[in-house]
Amino acid sequence: MGVNSPERAFQSALRAAVAKALGIEPPAVPLSYPPRASQGDLASPLCFELARTQKRAPRALAEAIARAFEPGQGIERVEVAGGGYVNAFLDRNAFLRLWLLGDRVREPQAAGAKTIVEHTNINPNKAAHIGHLRNAILGDTLVRCLRQLGETVEIQNYIDDTGVQVADLVVGFRVLRGEDLETVRERYAEEALRARGERFDVVGWDLYAEVTRYYEEDPSRLRHREETLHAMEAGGNPVADLATHVARRMVRHHLATMNRIGVRYDLLPKESDILALGFWEDAFARLREAGAVRLLDEGKNAGCWVMDLPGVEQGAGEDQKVIVRSNGTVTYVGKDIAYQMWKFGLLGRDFRYELLDWTPFAPLYEVWATTRDGGAAEHPSFGHAGRVVNVIDTRQSYLQRVVAEGLKALGHPSEADRSVHFSYEMVALTPSAVASLFPDRPLTDEDRSKPHLEMSGRKGLGVRADDLVDAIVGRAEEEVRKRNPEFDGERVRVTASRIGVGALRYYMLRFSRNRVVAFDIDDALAFEGETGPYLQYSVVRARNILAKVAERHGRDETDAATLASTVDLGALARDDETDHWSLALLLSRVEAVVRQAVDSLELSTVAKHAHALAQAFNSFYHRFPVAQEEDPVVRRTRSALVRLYHDGMVHLLGLMGIEVPDRM
């Protein structure tokens, strides 16, 4: 909420009314928005909370508070509604003038401590899949919203290049295919792969599935994994060198995939550097000294270093977590504790850094990576966060709790509290999407009856991210060519990419993060309904209206100060022009919605507000002519509202990482 926010004014006046009527100071004043303009512009359910402590009916409290309420600061009056809501009606003329003169795009805020947002984090052993798209889109949108609110944000994409998944891929090359580093470099060189119509990340996708089956056929073969993990952690040997090579190649593909959907990073911290630079060794020593871990000498975890976690829900009925395996290798969560300590500046150590000149973002956007050798003499300051947000799916909730408990055990409860797990549910496909993406896979009657089908590589339902992007952009290309036969190939490609990526990003954002996304290509690409293309089309429509106004009547000034001083604010505020007022009010709430989304980590709030805004604009332009309006004062007022909508929606779409094509 901005400085001139009506929400803030209402909350302040309501606190004063509560103090006057009840003689108490409410701890917080919750807000909501009435569903219809006739019921008010703002509402508060405060009295339902006060009823618990005041032992009075909510409506009686609301009536007492309403009597004590003093209008002002843009609030015209309040009314009691329902069982105890206090609804506020704004002084529309005063509000509109204040809003137009105020900062409609950015909320001023003093620079505070840095927030690190870690997202994407794809194991560098195979191509990215559909679930990684949701992670990256959620993380990227959160970053955009935080920066919009004036916060300093550092984006990290953790590269788990010493983990089990990379080890299994190395086993695939060395054991199943008998290939060493030199052979892999030669046989899977990019030129050779292109000549065969292959990609290295897809080679990894298929080989990893082979390794999984190889283990399932004979579990004793898992010894190859353990031996490989040991060699990778030790470093300086052919196995570790092969692991480094394949991981680096995979990361290149992952960054290229994410670049397609507009996702960027500031730093790629590598797990191998956490080991090589002694981060884990230091953290492990501190864990032992603090008594946070202990060595077991009996039971199924004999020889392991474990952390006792009484009361931490695991789902397996156990109350301890293995940090170091009996063979001496470190678990993912162990290395993650060290990494989290570094993020907060608690280790007293730092990485060396190198600027990557080979990313798809270069040279327009700098991406740095950690390194153990050399490094740049000058580089940005990384780490030392005031808050850390880890975007990881809900299945990792327990491990994120372990990391926080590790920080507490080391005497850092404040940092543990500022370690935020941004969890989200998985992505599935609707039966129709499965039929479209897997035409050779027959659907059973049972499959068709389900709302969605879960992804499963073993069942042949693993969806690579690039394949989904290709499919949705390809479908958009068909529509663009049909609607715009005069477009040349490049214009078709650019337009379809913006529509397809916009459809994908909006679809991943529109659902609550704790809800499974059942992805459907046809639904995502629809030009009507709650979709990205619907929002993009509304902006194109607004742009066309303004172009017609300029063509017929000449271009008007559109800066905020001029609008506030010359447009007929009464026309926007009149009761009989509720479409005007509703649209203006929704536009004014954008910054408050962004703040609400960030505070709750529920980014669907932004997506849903954008859809409500587009619906309001759709209703407005269907009812009220703009370019055809002969009255210059009315036309200017409506043109101003169209301009404000255009700029506001472009801004809102930008926060969701959605670009608008020039034509649809």
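So the sequence shown is numbered by the working numbering: it starts at 67 and just counts up by one. Glycine included, C-beta positions come from ideal geometry on N, C-alpha and C.
- Close CB contacts of residue 156 within its chain, under the 7 Å cut and outside five residues either way in sequence, are with 72, 107, 140, 141 and 142 (chain order).
- Boundaries of the beta strand (DSSP E) around residue 373: 371-374.
- Counted as a single uninterrupted DSSP element, the stretch harbouring residue 386 is not any alpha helix (DSSP H) but the beta strand (DSSP E) occupying residues 386-390.
- For residue 246, same chain residues with a beta-carbon under 6 Å away, outside a window of 5 residues either side, do not exist.
- The closest CA to that of residue 520, considering only 548, 497 and 682, is found on 497.
- Cα atoms of residue 305 and residue 654: separation of roughly 58 Å, rounded to the nearest angstrom.
- Here residue 413 has 345, 348, 349, 404 and 407 as same chain residues with Cβ atoms under 8 Å from its own Cβ, once five neighbours each way along the sequence are excluded.
- A direct Cα-Cα distance of roughly 24 Å separates residue 76 from residue 710.
- Counting along the chain, residue 553 sits inside no alpha helix (DSSP H), nor does DSSP assign it H or E at all.
- Comparing C-alpha distances from residue 667 to each of 186, 204 and 409 shows the shortest one belongs to 204.
- At a Cβ-Cβ threshold of 9 Å, residue 112 and residue 152 count as neighbours.
- C-alpha of residue 194 to C-alpha of residue 188: approximately 7 Å in a straight line.
- Put simply, the stretch 453-464 touches the stretch 478-495. At least three CB pairs are less than 8 Å apart.
- The residues 277, 290, 291 and 294, in chain order, have a CB closer than 7 Å to that of residue 237 in the same chain once the five nearest residues on each side in sequence are set aside.
- In this structure, residue 599 places its C-beta atom within 9 Å of the C-beta atom of residue 592.
- Rounded to whole angstroms, the separation of the alpha carbons of residue 330 and residue 430 is 11 Å.
- Using a Cβ distance threshold of 9 Å, residue 402 and residue 220 do not count as a contacting pair.
- Only residues of its own chain outside the window of five on either side were considered, and among them 359, 361, 389 and 390 have a CB closer than 6 Å to the CB of residue 371, listed in chain order.
- Under the three-state reduction of DSSP, residue 120 is assigned to helix.
- By the neighbour-count criterion, in which a residue is buried when 16 or more other Cβ atoms sit within 10 angstroms of its Cβ, residue 300 is exposed.
- The stretch 544-561 makes no contact with the stretch 476-483; the number of CB pairs closer than 8 Å stays below 3.
- With respect to residue 682, residue 652 sits close: the two C-beta atoms are nearer than 9 Å.
- Setting aside the 5 residues that flank it on each side, residue 558 is surrounded in the same chain by 543, 546, 547 and 550, each with a C-beta closer than 8 Å to its C-beta; the list follows chain order.
- Between residue 615 and residue 707, the alpha-carbon positions lie close to 13 Å from each other.
- Contact check for residue 353 against residue 475 passes: the beta carbons are separated by less than 9 Å.
- Listed in chain order, the non-local C-beta contacts of residue 254 below 7 Å within the same chain comprise 266 and 269, local neighbours out to five positions each way being set aside.
- No Cβ-Cβ contact shorter than 9 Å links residue 80 with residue 93.
- Look at residue 424 here: in three-state DSSP terms it is coil, with no helix or strand label.
- If you draw a straight line from the Cα of residue 724 to the Cα of residue 302, it is about 44 Å long.
- Taking the Cβ atoms as the reference, residue 660 lies roughly 6 Å from residue 214, within the contact range of under 8 Å.
- A distance of 9 Å or more separates the beta carbons of residue 162 and residue 116.
- Rounded to the nearest whole angstrom, the CA to CA distance from residue 85 to residue 473 is 41 Å.
- With contacts defined as CB atoms closer than 9 Å, residue 280 and residue 241 qualify as a contacting pair.
- Rounded to the nearest angstrom, the gap between the Cα atoms of residue 327 and residue 618 is 38 Å.
- According to DSSP, residue 181 shares a beta bridge with 219 and 453.
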